[in-house]
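Trainee: The structure that follows is given in the form of structure tokens.
Numbering (the numbering used here), first residue to last: 10 to 280.
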């Protein structure tokens with residue numbers, strides 16, 4: 010087969026040029042454009058969670074989020090109507106991480122509720138902005154994952170013997186305690202991170218001042234002992250102690266309720 014000398018086969022580069030011969034035009038040799046990953050609401054929410062974890066709530070904006078996704082803010086608004094809506098979505102996404110136990114034995118309600126509280130605390134410490142976000146969203150927001158976590162938690166209490174009204178109030182009290190305690194805890198840890206301190210190192214720095222500020226000798230001794238311990242363990246113990254106080258109250262109310270219900274049964278039924 011003869012090939013015309015004038016055909017476009019990749020003529021030599023001009024004299025003095027360092028470039029090699031131009032490759033023949035072909036679908037197989039032409040570089041392909043990298044296709045952008047499709048922008049979806051799920052991808053936007055996942056990236057927003059990462060941004061919040063890395064930089065905090067103050068850094069969240071549609072413009073910044075768009076830059077991280079390689080898209081304009083206008084493109085984001087096609088999937089998420091506003092920043093407020095985005096905040097609702099990231100809160101619900103965090104609730105999707107939570108595993109809520111199911112119980113069949115009414116006597117295991119307390120252990121199960123312990124697990125719920127610690128699961129919520131763990132989520133709040135993984136995502137230290139969660140308390141702030143829930144404060145903005147308020148209790149009027151009912152995303153599907155929030156509803157699922159709430160429903161499963163209420164099922165623990167109703168299985169134990171609480172009425173639905175009592176269970177709703179009890180779960181509200183537990184959630185308020187956990188979120189309040191975790192927001193304070195995450196605020197402390199966030200401040201340490203912003204200033205580049207490890208928790209134990211910072212406590213070693215401010216410890217002497219704390220001890221000296223205590224007027225009571227017993228309190229000074231207590232502070233000295235606490236400063237020797239692992240601060241993470243101390244925080245966990247403090248959280249668990251407060252939780253147990255709340256669950257003790259629920260246990261008392263449940264026992265009284267069940268005893269009253271038993272007393273109201275006809276004598277033959279009780280026997």
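By construction, the Cβ of each residue, glycine as well, lies at the ideal position given by its N, Cα and C atoms.
#1: Once the 5 residues before and after residue 132 are set aside, which same chain residues still bring their CB inside 8 Å of it?
#2: Can you give me the Cβ contacts of residue 255 inside the same chain, cut-off strictly under 8 Å, excluding the 5 residues immediately before and after it?
#3: Measure the CB-CB distance between residue 112 and residue 162 and report whether it falls below 8 Å.
#4: Alpha carbon to alpha carbon, what distance is there between residue 115 and residue 160?
#5: Suppose you measure from the CA of residue 62 to the CA of residue 240; what does that come to, to the nearest Å?
#6: Are residue 78 and residue 53 close, meaning C-beta to C-beta below 8 Å?
#7: Out of 129, 92, 158 and 69, state which residue places its alpha-carbon closest to the alpha-carbon of residue 188.
#8: Excluding five sequence neighbours on each side, which residues of the same chain lie with their C-beta closer than 6 Å to the C-beta of residue 168?
#9: According to DSSP, is residue 172 helix, strand or coil?
#10: Residues in the same chain with beta-carbon distance under 6 Å from residue 87, minus the five sequence neighbours each way, listed in chain order, please.
#11: In whole angstroms, what separates the C-alpha of residue 120 from that of residue 195?
#12: Nearest CA to the CA of residue 127: which residue from 176, 191 and 81?
#13: Looking only at its chain, what residues have a beta carbon closer than 8 Å to the beta carbon of residue 134, apart from the 5 residues adjacent to it on each side?
#14: Contact between the segment 199 to 207 and the segment 216 to 234: three or more CB pairs below 8 Å?
#15: Rounded to whole angstroms, what's the CA-CA distance from residue 82 to residue 98? Just pull it up for me.
#16: Taking C-alpha atoms, which residue in 249, 250 and 217 lies nearest to residue 234?
#17: Within the same chain, show all residues whose beta-carbon is closer than 8 Å to that of residue 58, passing over the 5 residues directly before and after it, in chain order.
#18: Answer with buried or exposed for residue 264, where buried requires no fewer than 16 other C-beta atoms within 10 angstroms of its C-beta.
#19: Would you check if the distance between the CB atom of residue 220 and the CB atom of residue 232 is smaller than 8 Å?
#20: Just curious, the alpha helix (DSSP H) that residue 258 is in, first and last residue?
#21: Measure the CB-CB distance between residue 74 and residue 94 and report whether it falls below 8 Å.
#22: Which class does residue 213 belong to by DSSP, given the choice of helix, strand or coil?
#23: Compute the distance between the beta-carbons of residue 179 and residue 171, then report whether it is under 8 Å.
#24: With the cut-off set at 8 Å, would you say residue 211 and residue 166 are in Cβ contact?
Mentor: Based on what the coordinates show:
#1: Within the chain shown, the letter at position 123 stands for residue 132. Excluding sequence neighbours, residue 132 sits near 103, 104, 106, 107 and 139.
#2: The count along the chain shown starts at 1 and reaches residue 255 at position 246. Result list for residue 255: 182, 183 and 186, in chain order.
#3: Reading the chain shown from its first residue, position 103 is the one you call residue 112. Reading the chain shown from its first residue, position 153 is the one you call residue 162. Cβ distance not < 8 Å, so residue 112 and residue 162 don't count as in contact.
#4: Locating residue 160 in the chain shown gives position 151, where the first residue counts as 1. Locating residue 115 in the chain shown gives position 106, where the first residue counts as 1. Answer to the nearest angstrom: the Cα atoms are 16 Å apart.
#5: To locate residue 62, count along the chain shown from 1; it is residue 53. To locate residue 240, count along the chain shown from 1; it is residue 231. Roughly 22 Å between the two C-alpha positions.
#6: Position 69 of the chain shown, counting from 1, holds the residue named residue 78. Position 44 of the chain shown, counting from 1, holds the residue named residue 53. Yes, the Cβ-Cβ distance between residue 78 and residue 53 is below 8 Å.
#7: The count along the chain shown starts at 1 and reaches residue 188 at position 179. Of 129, 92, 158 and 69, the residue nearest in Cα terms is 129.
#8: Position 159 of the chain shown, counting from 1, holds the residue named residue 168. Excluding sequence neighbours, residue 168 sits near 112 and 115.
#9: Along the chain shown, one-based indexing puts residue 172 at 163. Residue state, collapsed to three classes: coil.
#10: As a position in the chain shown, residue 87 is number 78, starting the count at 1. Taken in chain order, the list of residues that qualify is empty.
#11: Stepping through the chain shown from its first residue, residue 120 is reached at position 111. Stepping through the chain shown from its first residue, residue 195 is reached at position 186. The straight-line gap from Cα to Cα measures roughly 25 Å.
#12: Indexing the chain shown from 1 puts residue 127 at position 118. Ranking the options by Cα distance to residue 127, first place goes to 191.
#13: Along the chain shown, one-based indexing puts residue 134 at 125. Correct list, in chain order: 191, 194, 195 and 198.
#14: no
#15: Walking along the chain shown from the start, residue 82 turns up at place 73. Walking along the chain shown from the start, residue 98 turns up at place 89. Cα to Cα, residue 82 sits roughly 17 Å from residue 98.
#16: Taking the first residue of the chain shown as 1, we reach residue 234 at position 225. Among 249, 250 and 217, the Cα nearest to that of residue 234 belongs to 217.
#17: By 1-based counting over the chain shown, the position of residue 58 is 49. Within the same chain, residue 58 has close Cβ partners 99, 102, 103 and 136.
#18: As a first step, residue 264 must be located in the chain shown, where it is residue number 255. Exposed, since its Cβ has fewer than 16 Cβ neighbours within 10 Å.
#19: By one-based count along the chain shown, residue 220 stands at place 211. By one-based count along the chain shown, residue 232 stands at place 223. Closer than 8 Å, so yes.
#20: Counting from 1 along the chain shown, the entry for residue 258 is found at position 249. Unbroken alpha helix (DSSP H) run through residue 258: 240 to 272.
#21: Locating residue 74 in the chain shown gives position 65, where the first residue counts as 1. Locating residue 94 in the chain shown gives position 85, where the first residue counts as 1. It is not a contact, given that the beta carbons lie outside the stated cut-off.
#22: Taking the chain shown and counting its residues from 1, one reaches residue 213 at position 204. In the structure shown, residue 213 sits in a helix (DSSP, three-state: H, G or I).
#23: Taking the chain shown and counting its residues from 1, the one referred to as residue 179 is at position 170. Taking the chain shown and counting its residues from 1, the one referred to as residue 171 is at position 162. Result yes, Cβ atoms of residue 179 and residue 171 sit closer than 8 Å.
#24: Counted from its first residue, the chain shown places residue 211 at position 202. Counted from its first residue, the chain shown places residue 166 at position 157. No, the Cβ-Cβ distance between residue 211 and residue 166 is not below 8 Å.
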